[in-house]
Every structure is written in structure tokens, then in C-alpha cells.
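Participant:
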Amino acid sequence: MRVVEKRQLLSAAEINRSLQRLAHEIIEKSEGAKDLAIVGIRRRGVTLADRLVTAIRSFSKVDVPMGILDIALYRDDLSTIGAQPSLQGTEIDFPVDDRDLVVVDDVLYTGRTIRAAMNGLFDLGRPRRIRLCVLIDRGHRELPVEATFIGRTVQTSDTEIVEVRLQEIDGEERVVLVDRVDDAS
Amino acid sequence: MLPYLPHLLGIENLTTEQISFILDQAKPFQEFQRYPLKKLATLRGKTVAIAFFEPSTRTRISFTTAASRLGADTMALQAESSSVKKGESLIDTVRTIEAMRPDGIVIRHSSSGAPEFVAQRLEIPVLNAGDGTHEHPTQALLDALTIRDRKGRLDGWNVTILGDVLHSRVARSNIHLLSRFGAKITLCGPAMWVPRELESLAPGLRCTSCTEAALEGADVVLVLRVQTERIHEPALAPEEYILGYQLTAKRLRLARPDALVLHPGPMIRGLEIDSAVADGPQSGVLEQVTNGLAIRMALLYHLIGRAPADAPHPAKDRSNASD
Chain F
4 MRVVEKRQLL SAAEINRSLQ RLAHEIIEKS EGAKDLAIVG IRRRGVTLAD RLVTAIRSFS
64 KVDVPMGILD IALYRDDLST IGAQPSLQGT EIDFPVDDRD LVVVDDVLYT GRTIRAAMNG
124 LFDLGRPRRI RLCVLIDRGH RELPVEATFI GRTVQTSDTE IVEVRLQEID GEERVVLVDR
184 VDDAS
Chain G
3 MLPYLPHLLG IENLTTEQIS FILDQAKPFQ EFQRYPLKKL ATLRGKTVAI AFFEPSTRTR
63 ISFTTAASRL GADTMALQAE SSSVKKGESL IDTVRTIEAM RPDGIVIRHS SSGAPEFVAQ
123 RLEIPVLNAG DGTHEHPTQA LLDALTIRDR KGRLDGWNVT ILGDVLHSRV ARSNIHLLSR
183 FGAKITLCGP AMWVPRELES LAPGLRCTSC TEAALEGADV VLVLRVQTER IHEPALAPEE
243 YILGYQLTAK RLRLARPDAL VLHPGPMIRG LEIDSAVADG PQSGVLEQVT NGLAIRMALL
303 YHLIGRAPAD APHPAKDRSN ASD
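Dropping the structure here:
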């Protein structure tokens, strides 16, 4: 089994444009950004959340608090994936009670990550509202989860993988669609 | 778990990488102890057998609480009120427990090597909660975590271990762990409890019977409990011990001004430690207790939560992060 790149979904410039637009949408639909806070899901959701907060600050002068969520303890596939995922830790320094939260992740796929994220947030308190912001929605949901803020919706097949590569983590900036090829067949 | 660990039997057979990994994994669980809702579902449906063949309060409560906060159920066996009293052998007892299908077993036993004996015979992960005078690995790990937090790093400190080192599994596990991180360790206590043979445990280890000399320049002072229940030879009179070896505020001033004082508990105030020290700003005693929960949660998460080695991996083809 080998992984090959099929096509580029977003360039660096397109990622940036998407994030700028998402930042504006979040502020427009947040009634003055009162109680607003942004929570990035480890790992790439954190980088994206960080950029959204920076973008919001530069055009609206609003400082939105940001937190980091590690969903490893809330996954539903722990006893089936062999070794346990390493823990990085949740860092949310503000009370989530009555907050207007926007959860940020790179790709929305089955929806299971978001289910885990909501469980994690409810352990910290009772937010007034939770909305979801993703860079890519690739479909194939297994749970009733939808995003409020979407950078790009992409049609994919089940074997394909959407790889979001960000400068801070991957040393390059683009989103690609890759596929698994079985050389044996 | 990156450096694969089937059981936790002792510190001696762990790599430095594995020790650092466990300490890092305890970090999120330290934060978790401050959550308003201290209940995870991570190990829901798993059962942890807590088999204590020797009396213990804090380690047993700590493991039980750690398992429960991860969502696991526990089944408890206590020697005082069990079949052990009726003469059942260790292997029959643990085989009986295993037949109830727990996903892991935590063992404390008065015989050194008992957890390893059990691990060789059972299919489930075994965690050593203290065996004879051999090892008490979770205690050494929680001590290391407390040192790292309070002093900013774990490497290269002058560590003085004070008391009945000979009979102490806490001391042995700590020596194995801290020497791995470049500590200069001094063992101090009455000569019969600090025999020269202990110097072979780690390179550069120093033994002395002079408390003042041992404390000079110490960055960490680990005070051991005087273990009256484990002493068979005529013991030192308590007054003599207090006079020569009690950690008093005056003696602590010989150590570095920011020296950290640790005690595995239960403390006997007025015997091995003075209340002014136990309750003083240099004491890390209560942090040790909280850190014990975090260490044990991290270990249970990685050892008990893991799928059995021969289990199918239905999700392995979906291991990419974009879900």
C-alpha cells in the first residue's frame, strides 16, 4: 500500500484567504463577540485557531481568548488502535461556563473528533453555545455533526486522505488530496 | 506508547526515555485534578484489580481513585480480610482474580519479586505498587515529577536520602531513577541501615552516618519513614534516632536554601521529621500525593487502555489525523 498525491486542493494564498474570510464570518455572526472564545483541537486546529485570533485582532481590534483542546482521552476508538495516543494536554485558561465557543479543526470527516471535543469541553463546564469552524469539509459523516464556518467543501472518496500541511508544523503550506494505491492489485 | 511497556515492575528495567515519557504523560493529568468534573470515560468498561497483600492506605486509595477518574471499575483484594489469611498461595489467588477477567492488576506484596512472578504467569498488565524491599516504582516516578515541577528540571541535583535505606523500596526505586538523570546521591542513616554495599547500586553513590555532612549542599532531601514493621533486628531507640537523624529546621539549613523536602508518607512527625519542616515552605509532601494520582492515571491510561497484543485493529487503516 502506497500513498500518492492526486491534486492540490488549496494553495498557501488560498489557505490565507479562507482564514481571513472565516475570521470575518465568525465576528459577523457573534453579536459583538461578547463571551466569544476560540478553541483549537490538537494539533493543526491549534495553528489554525492561532491564525484566526491574529486575523480577528488585526481587523476588529478584538482580543479573543484562545484555548487548546487535546481530545485523546475522549476518543471512542481507544481499545481498537493498539498503542495509546500520547497525551499533549488541554490548555484552556478561561472558564468555559456561559462562553460562546468556536471549536477549530483542520478537516471535518466522520465527526467523531468533534464529538470527542464536545465531551472534553463539557468536562470543563457548560458553554452557552459551541460552533465549529473547519478549513476543509470532506464529507462522509458518521455522526450528526455539521460545521458553521467552512473554508472549502470537497468531494472525496472513502479511500482518499485530505492532508492539511501548515508551515509551523509541516514546513510547507498547502492542502492536498492523496490516495492509497494497492500495488499488489 | 512509544517505548513499549507491557508491565510496570520496577524502575531498574526502564529506559531513561520511558521514564521521561511517563513523566510527560502525567502532565495533562495534573491539570485534570483541577477540573470541576473529575470523571473521564476513557477506560469505561475496563476493570482494574487492586490486589494488596500488605496493608496500605495511600497507595491503594491513589490507584483506586486514579482508575475511577479514568472511568474504570476496580475490584479490591485486601490480605487482612481474604483467602490469603486462609493459606491460599499467591499464584492461586491471582489466577482466581484473573478468572474474573480484569484488564490489569495492581499488586503490593511483602515479598520482593512477587509482581514479576505474577507478570510471568498472567496475560494482563501488572503494575507494582511496592514489593518487599525491592521497588516502589510509582513512588519514585511521583517523586521525580515533584522534583521536576518544583525545581524546574530533573537532571543533576544533589539528592540526600535520609533514614532506613536498607529496608526501603522507595529509596531503591529513587536511586535507580535519579542516578539515571545524573543525580549525585548521598545515603544517610544509622550504619546498620546504610551499609556500604548499597554503594554498588549506582555510580558515585555515597554512604554516611553523619546527617550534617549528608545535608550540606543538598538540593533535594528525601526523608524515609522509620519502618518499624519491617525491622527484625533490635532497632535503634527512638530517642537516639531523633537525636542523630531527625530532619529538623536547624539541620535543613545546612542544605541549599531552596532545597526541596520529600517524604513518601505516612509521616511520623517528631520521629523522622519535625513538624516545622513537614509543614514548611520547602516541603513538597502534599504535591507528592496529588502527583501520585497523575502518575498512576498516566500509567493506567497507557497500560490498561491499550488493546491486547493479539486484538484486531479495525481502525488501523484510518490512522490519519484528518477525521
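Listed in order, the protein sequences are those of chains F and G.
Counting from 1 along the first sequence, just add 3 to a position and that's the residue number in the working numbering.
Counting from 1 along the second sequence, just add 2 to a position and that's the residue number in the working numbering.
Beta carbons: idealized from backbone N, C-alpha and C, even for Gly.
For clarity, every value in this text was computed on a predicted model and none was experimentally measured.
1. Would you verify that the beta carbon of K41(G) is, or is not, closer than 9 Å to some beta carbon of chain F?
2. Listed in chain order, which residues of the stretch 297-308 of chain G have Cβ atoms closer than 8 Å to some Cβ of chain F?
3. Since K252(G) is in the alpha helix (DSSP H), which residue starts that stretch and which ends it?
4. Could you check whether the Cβ of V137(F) sits closer than 8 Å to any heavy atom belonging to the ligand HEM?
5. Taking the DSSP output, what are the residues bridged to I163(G)?
6. Any idea which residues DSSP pairs G43(F) with across the strands?
7. Using the DSSP secondary-structure output, state which residues sit across from T156(F) in a beta bridge.
8. Below 7 Å between beta carbons is the criterion; list the residues of the stretch 16-34 of chain G that meet it against any residue of chain F, in chain order.
9. Quick one: residues in its chain with C-beta nearer than 8 Å to the C-beta of L273(G), no 5 flanking neighbours on either side, listed in chain order?
10. Going along the chain, which unbroken runs of the beta strand (DSSP E) with 3 or more residues stay wholly within the stretch 251-288 of chain G?
11. Nearest-angstrom Cα distance between Q80(G) and V128(G)?
12. Cutting at 8 Å between CB atoms, please list the residues of its own chain near A119(F), excluding the five before and the five after it.
13. Which residue comes first and which comes last in the beta strand (DSSP E) that contains F54(G)?
14. Using a Cβ-Cβ cutoff of less than 6 Å, which residues in the same chain neighbour W159(G) once the five nearest sequence positions on both sides are dropped?
15. Within the 9 Å Cβ cut-off, does G92(F) reach chain G?
16. Report yes or no: is there a C-beta of chain F within less than 9 Å of the C-beta of P8(G)?
17. Check V148(F) in the structure and name its three-state DSSP category.
18. D126(F) touches chain G at which residues, Cβ-Cβ below 9 Å?
19. Could you tell me the alpha carbon to alpha carbon distance between P57(G) and R155(G), rounded to whole angstroms?
20. First and last residue of the alpha helix (DSSP H) that includes L12(F)?
21. Alpha helix (DSSP H) containing I244(G): first to last residue?
22. Take every Cβ of the stretch 212-220 of chain G, pair it with every Cβ of the stretch 159-178 of chain G, and state whether three or more of those distances are shorter than 8 Å.
23. For Q158(F), would you say it is in contact with chain G, using Cβ-to-Cβ distances shorter than 9 Å as the test?
24. In angstroms with no decimal places, state the Cα-to-Cα distance between R255(G) and R298(G).
25. Return the chain-ordered list of same chain residues with a C-beta closer than 8 Å to the C-beta of V157(F), the five sequence neighbours on each side being excluded.
26. Quick one: what does DSSP say E125(G) is sitting in, helix, strand or coil?
27. Could you check whether P8(G) and A1(G) sit closer than 9 Å to each other, using their CB atoms as the reference points?
28. Which residues mark the beginning and the end of the beta strand (DSSP E) in which E163(F) is found?
Facilitator: Well, looking at it:
1. yes
2. A300, Y303, H304, G307 and R308
3. A251 to L254
4. The ligand HEM is absent from the structure shown, which contains no ligands of any kind.
5. L189(G) and L224(G)
6. I71(F) and V107(F)
7. D140(F)
8. Q27, K29, P30 and E33
9. V228, P240, Y243, I244 and Q248
10. 262-264
11. 17 Å
12. I74, Y77, R78 and D79
13. T49 to F54
14. A185, D221 and V222
15. yes
16. no
17. coil
18. F34, Y37, P38, L39, K40, K41 and L42
19. 34 Å
20. Not the alpha helix (DSSP H): L12(F) falls in the beta strand (DSSP E), residues R5 to L13.
21. P240 to Y247
22. yes
23. no
24. 33 Å
25. L12, I139, D140, R141, G142, V165 and L180
26. coil
27. In the structure displayed, chain G extends from 3 to 325; residue 1(G) sits before or after that span and is not available.
28. E163 to R168
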